[in-house]
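Going by our numbering, the sequence shown opens with residue 3, and the numbers climb by one from there.
Quick reminder that beta carbons are idealized off the backbone N, C-alpha and C, glycines included.
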Amino acid sequence: MAGRTRGQLLALLAGSGVALVGLGILVAGWIGLGVTTLGSAATSDEPCLVAYDQEQATVQFTGFPPRAVCAWDEGGDEVVVGEMAPAAFAAGMTAAVLGAGATVAVGLLTRRRRVAPVA
C-alpha cells in the first residue's frame, strides 16, 4: 500500500465496506428466505406444501428474484412460499455492485508503477 494517499486508502476502505454491507444484506435475506420456507412447510395448510411432505411436489429456490416456489405435480400449479423483500434485494445488490466497483476503480486508478533503476 506504499505510495497511496490517506484519501485513496479511505476510499478503498469505504468502497469495500459498502460492498460488504451489501453482501451482508443479501446473505441475511437468503437465509431468512430459507427459514421462512422451512417454517411454512412445517405449519402451513397450503395443498402444495402438504403434497411436498408426501413427496408429490417440489420446492425450488430462485436467485433473481430471490424466492421459494412450490411446484405441484398434479395440478401444475406454482405457489410462492417465500420471497425476499424487493427493496432489500435491490439495496443489497446495489451496495454490493457499487461498492465493489468503486473499490476496484480506486485500486486500479491510484496504483503507482515502480520505476526501474537506471543502470
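Legend entry - Short Cβ contact (8 Å threshold) for Thr39 with Ala70: The beta carbons of Thr39 and Ala70 sit closer together than 8 Å.
Inset, instruction - Go through its chain and collect everything with a Cβ distance to Leu35's Cβ below 8 Å, but skip five positions before and after it. - result: Phe63, Pro68, Arg69, Ala70, Gly84, Glu85, Met86
Inset, instruction - For the alpha helix (DSSP H) containing Gln56, list its first residue and its last residue. - result: Premise fails: Gln56 is in no alpha helix (DSSP H) and is neither H nor E.
Legend entry - Within 8 Å, strictly: CB atoms of Ala90 and Gly31: Yes. Within cutoff.
Inset, instruction - List the endpoints of the continuous alpha helix (DSSP H) containing Gly103. - result: 88 to 111
Inset, instruction - State the Cα-Cα distance for the pair Pro88 and Gly41, rounded to the nearest angstrom. - result: Cα to Cα, Pro88 sits roughly 21 Å from Gly41.
Legend entry - Distance, Val37 Cα to Gly19 Cα: 27 Å
Inset, instruction - For Thr64, name the three-state secondary structure that DSSP assigns. - result: strand
Legend entry - Contact set for Ala53: own chain, Cβ-Cβ below 6 Å, skip 5 residues either direction: Ala59, Trp74
Inset, instruction - Let me know the secondary structure DSSP gives Arg69 once reduced to three states. - result: strand
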